Amino acid sequence: MNRCSSSISRFWMVGLFQVCACFALSSGADAEFAVLDPEGQPLFSYGESRALLVGVSNYDEWRGLPSIPGELAALEEVLVEHGFSVQTFLDLGEDDLRRTFENFIDRFGFDPDNRLLLYFAGHGYTRRVHGMKRGYLVPADAPEPDRVDPSAFLEKSISMDVVRSWARTIEARHALFLLDSCFSGLLFETRSSWVAEPLHITQYIAHPVRQFLTAGGEGEVPSKSLFAPAVVRGLRGAADLSRDGYITGRELGLYLQENAAAEGLMPRDGRLPNYRQGEFVFSLPLGMRPPKAKFEIGDLVRAAEREGPWRAFQADMNEAFDQARALDRDGVSVTIKSQAWKRFLSAFDSDNPQSERDEELRRVAQTRLDLLGLDIVQPLPREPTEAKENALEPGDLWIDPAIGMRFRYVPPGTFMMGSPPDVNGG
3 MNRCSSSISR FWMVGLFQVC ACFALSSGAD AEFAVLDPEG QPLFSYGESR ALLVGVSNYD
63 EWRGLPSIPG ELAALEEVLV EHGFSVQTFL DLGEDDLRRT FENFIDRFGF DPDNRLLLYF
123 AGHGYTRRVH GMKRGYLVPA DAPEPDRVDP SAFLEKSISM DVVRSWARTI EARHALFLLD
183 SCFSGLLFET RSSWVAEPLH ITQYIAHPVR QFLTAGGEGE VPSKSLFAPA VVRGLRGAAD
243 LSRDGYITGR ELGLYLQENA AAEGLMPRDG RLPNYRQGEF VFSLPLGMRP PKAKFEIGDL
303 VRAAEREGPW RAFQADMNEA FDQARALDRD GVSVTIKSQA WKRFLSAFDS DNPQSERDEE
363 LRRVAQTRLD LLGLDIVQPL PREPTEAKEN ALEPGDLWID PAIGMRFRYV PPGTFMMGSP
423 PDVNGG
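Residues in the sequence shown are numbered from 3 upward in steps of one, following our numbering.
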């Protein structure tokens, strides 16, 4: 069972209302909070934060929507976490539903500093009159329009024109209307440019706004809401797209478009004319905010940039060393060999602060130059960084560059010491 006959309606609206009725449940405590800019300076402060949640689960004639009470409870919980005072109403007939919304607006809708959240969950219906579509909220006592005269249904339903008039009546700065409905386009004009604007907190949030977020167009919305859980997830932090600790109405709309759409819905975002510049703002409670990561690598980037020239210096030094070593071979005079190492040492006498390789190459070059001056000839190790046992073969002659003493290379290993077992004295 879906939530509309010709259309499905679940209406969400952000507002501040308090209605005294025997079937209302109240929770939470309104809390004033300031919205800060990225530098921590206050842009403005909200006064009271109040939400009205109305759902119709049990209908006289329409099929029931048993998931609505749980959906309202989940939404109420997250709104309380956001500092809202929440009143919840279930299964209202037309008179009570209309009176509940109007009383809420009369009591809390005329304080300019308030933020209001109003929500309706229930069936919706779309009529076509002279080629135009008209949408309606369906209270608990509304008859099914296909079974009665249209006037009987109209008498017990609430048109979207009435909802528009409620939105215009409100004088509070920010009101967000969330409709899980399939007649969203009948209430407001949608424009993609609205969601293309920057998401960060700006001075524009000080302007009034009447924003509507809905589950989709005129198609069917499932009886068990996919939209409501997405709203709850978004308000718990997933919709904080800019990661600044605030969720704007625009961010929530974008989040719903990306996530509820994955569930097969087509969420819409729209605003009433003359109420398009403002931004409704939720402030994430501290427990919902991830810790601010202090990650700065600018100094490392600058250090890496400074390493660039030294890497080039070392590459040139390595190449020059290989060229000098190529001349240090049999058949080349000592004079040429010595000149090659002298030029190498003269050209690369600067210390490379990024590496120890330059010091090693200068040490080998100076040792070679000293040995050539003593007219001592020994093979140059294949690679200065290799250990002697990797540069020499067993039995090779090796001359200590410091003292000139001659050695025969014996590789490391184990051996039996002493005379053989068959020799006396072993």
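Idealized CB from N, CA, C, for every residue including glycine. All values derive from a computational prediction rather than experimental measurement.
Checklist entry - Taking all protein chains shown into account, do 16 or more other C-beta atoms lie within 10 angstroms of the C-beta of K339, making it buried, or fewer, making it exposed? => result Reading the sequence shown from its first residue, position 337 is the one you call residue 339. So K339 counts as buried.
Checklist entry - DSSP three-state call for M134: helix, strand or coil? => result Here residue 134 refers to the residue found at position 132 when the sequence shown is read from its first residue. If DSSP states are grouped into helix, strand and coil, M134 belongs with the strands.
Checklist entry - Just how far apart, CA to CA, sit E298 and L228? => result Position 296 of the sequence shown, counted from the start, is the residue given in the question as residue 298. Position 226 of the sequence shown, counted from the start, is the residue given in the question as residue 228. Those two C-alpha atoms are separated by around 40 Å.
Checklist entry - Are the CB atoms of F86 and T102 nearer to each other than 8 Å? => result Numbered from its first residue, the sequence shown carries residue 86 at position 84. Numbered from its first residue, the sequence shown carries residue 102 at position 100. No.
Checklist entry - Which ranges would you report for the alpha helix (DSSP H) in the segment 114-180 if only whole runs of at least 4 residues count? => result 152-157, 162-171
Next on the checklist: Whole angstroms are fine: how far does the CA of T216 sit from the CA of R166?
Outcome noted: As a position in the sequence shown, residue 166 is number 164, starting the count at 1. As a position in the sequence shown, residue 216 is number 214, starting the count at 1. In a straight line, the C-alpha of R166 is about 14 Å away from that of T216.
Checklist entry - For the 8 Å Cβ check, are there 3 or more pairs between the segment 265-280 and the segment 95-115? => result no
Checklist entry - Unbroken beta strand (DSSP E) runs of length 3 or more, entirely within the segment 279-361: which are they? => result 283-285
Next on the checklist: Considering just the uninterrupted stretch of the beta strand (DSSP E) at Y248, what are its terminal residues?
Outcome noted: Looking up residue 248 in the sequence shown gives position 246. Per DSSP, Y248 belongs to the beta strand (DSSP E) from 248-250.
Checklist entry - Can you name the start and end residues of the alpha helix (DSSP H) that F110 belongs to? => result Walking along the sequence shown from the start, residue 110 turns up at place 108. Looking at the DSSP string, the run of the alpha helix (DSSP H) that includes F110 is 96-110.
Checklist entry - Straight-line CA distance for D301 to I249? => result In the sequence shown, the residue the question calls residue 301 occupies position 299. In the sequence shown, the residue the question calls residue 249 occupies position 247. Using only the alpha carbons, I get a separation of about 33 Å.
Item to check | Cβ neighbours of V197 in the same chain (closer than 8 Å, five flanking residues each side left out) | outcome: Within the sequence shown, residue 197 is the residue found at index 195, counting from 1. Residue confidence is low: V197 scores 45 on pLDDT, short of 50, so the model does not pin down where it sits. Its coordinate-derived value is still stated next. Correct list, in chain order: R252, G255, L256, Q259, D271.
Item to check | Status (buried if at least 16 other CB within 10 Å, exposed otherwise) for V303 | outcome: As a working note, residue 303 is residue 301 in the sequence shown. Exposed, by the Cβ-count rule.
Item to check | Distance between G42 and F122 (C-alpha atoms, nearest Å) | outcome: Indexing the sequence shown from 1 puts residue 122 at position 120. Indexing the sequence shown from 1 puts residue 42 at position 40. Spanning the two alpha carbons is a distance of roughly 36 Å.
Checklist entry - When the Cα atoms are used, what is the spatial distance from E1 to S357? => result The chain is shown only over 3 to 428; residue 1 falls outside these bounds and no answer can be derived.
Item to check | Spatially closest choice to E83 from N60, S51, A230, Y61, by CA coordinates | outcome: Taking the sequence shown and counting its residues from 1, the one referred to as residue 83 is at position 81. Among N60, S51, A230, Y61, the Cα nearest to that of E83 is on S51.
Checklist entry - Taking just the CA atoms, how far does A342 sit from L329? => result Locating residue 329 in the sequence shown gives position 327, where the first residue counts as 1. Locating residue 342 in the sequence shown gives position 340, where the first residue counts as 1. L329 and A342: Cα-Cα distance of roughly 7 Å.
Item to check | Pick from L119, G133, F155 that is closest to A177, judged by C-alpha positions | outcome: On the sequence shown, position 175 is the one that residue 177 refers to. Checking every option, the nearest Cα to that of A177 belongs to L119.
Checklist entry - Any idea which residues DSSP pairs Q213 with across the strands? => result Here the question's residue 213 lines up with position 211 in the sequence shown. DSSP, once it has assigned bridges, lists L178, R273 as partnering Q213.
Next on the checklist: Assuming contact is defined by CB atoms lying nearer than 8 Å, are G124 and G57 in contact in what I supplied?
Outcome noted: Here residue 124 refers to the residue found at position 122 when the sequence shown is read from its first residue. Here residue 57 refers to the residue found at position 55 when the sequence shown is read from its first residue. Yes, Cβ-Cβ distance for G124 and G57 is below 8 Å.
Item to check | Beta-carbon proximity list for L374, same chain, < 7 Å, skipping 5 on both sides | outcome: As a position in the sequence shown, residue 374 is number 372, starting the count at 1. Only V336, K339, S340 meet the Cβ criterion.
Checklist entry - When you compare only the Cα positions, how much space is there between N60 and K158? => result To locate residue 60, count along the sequence shown from 1; it is residue 58. To locate residue 158, count along the sequence shown from 1; it is residue 156. Distance between the alpha carbons of N60 and K158 is about 15 Å.
Item to check | Of the residues N116, R345, D332, R212, the one placed nearest N276, counting alpha carbons only | outcome: Translated into positions along the sequence shown, residue 276 becomes position 274. Nearest option by C-alpha distance: R212.
Item to check | Start-to-end residues for the alpha helix (DSSP H) that takes in A76 | outcome: Working through the sequence shown from its first residue, we reach residue 76 at position 74. First-last of the alpha helix (DSSP H) with A76: 70-83.
Checklist entry - Would DSSP call L228 helix, strand or coil? => result Locating residue 228 in the sequence shown gives position 226, where the first residue counts as 1. Of the three classes helix, strand and coil, the one that applies to L228 here is coil, per DSSP.
Next on the checklist: Judging by CA-CA distance, which residue of R175, L54, E78, V164 is the nearest neighbour of G280?
Outcome noted: Along the sequence shown, one-based indexing puts residue 280 at 278. Selected option, being the one with the closest Cα: R175.
Item to check | Alpha-carbon to alpha-carbon, A142 and F25 | outcome: For this step, residue 25 is matched to residue 23 along the sequence shown. For this step, residue 142 is matched to residue 140 along the sequence shown. Annotation note: pLDDT 40 at F25 (below 50); position unreliable, coordinate value reported separately. Whole-angstrom Cα-Cα distance: 14 Å.
Checklist entry - In this structure, does DSSP put R370 in helix, strand or coil? => result For this step, residue 370 is matched to residue 368 along the sequence shown. Looking at R370 - three-state DSSP - the assignment turns out to be helix.
Item to check | Segment limits, beta strand (DSSP E) that includes P44 | outcome: Residue 44 sits at position 42 when you count from the first residue of the sequence shown. Looking at the DSSP string, the run of the beta strand (DSSP E) that includes P44 is 44-47.
Item to check | Own chain, CB closer than 7 Å to T416, minus 5 neighbours either side, in chain order | outcome: Counted from its first residue, the sequence shown places residue 416 at position 414. Closer than 7 Å at the Cβ level, and outside the excluded window around T416, lies no residue.
Item to check | Nearest neighbour of E321, chosen from S69, D332, K226, F346 [CA to CA] | outcome: On the sequence shown, position 319 is the one that residue 321 refers to. Answer by Cα proximity: F346.
Checklist entry - Which whole-angstrom value describes the C-beta separation of I160 and L99, a residue pair presumed to lie in contact below a C-beta threshold of 8 Å? => result By one-based count along the sequence shown, residue 160 stands at place 158. By one-based count along the sequence shown, residue 99 stands at place 97. That pair is a contact at about 7 Å.
Checklist entry - Going by other Cβ atoms of all chains shown within 10 Å of its Cβ, with 16 needed for buried, is A317 buried or exposed? => result As a working mapping, residue 317 is identified with position 315 in the sequence shown. With fewer than 16 Cβ atoms within 10 Å of its Cβ, A317 is classed as exposed.
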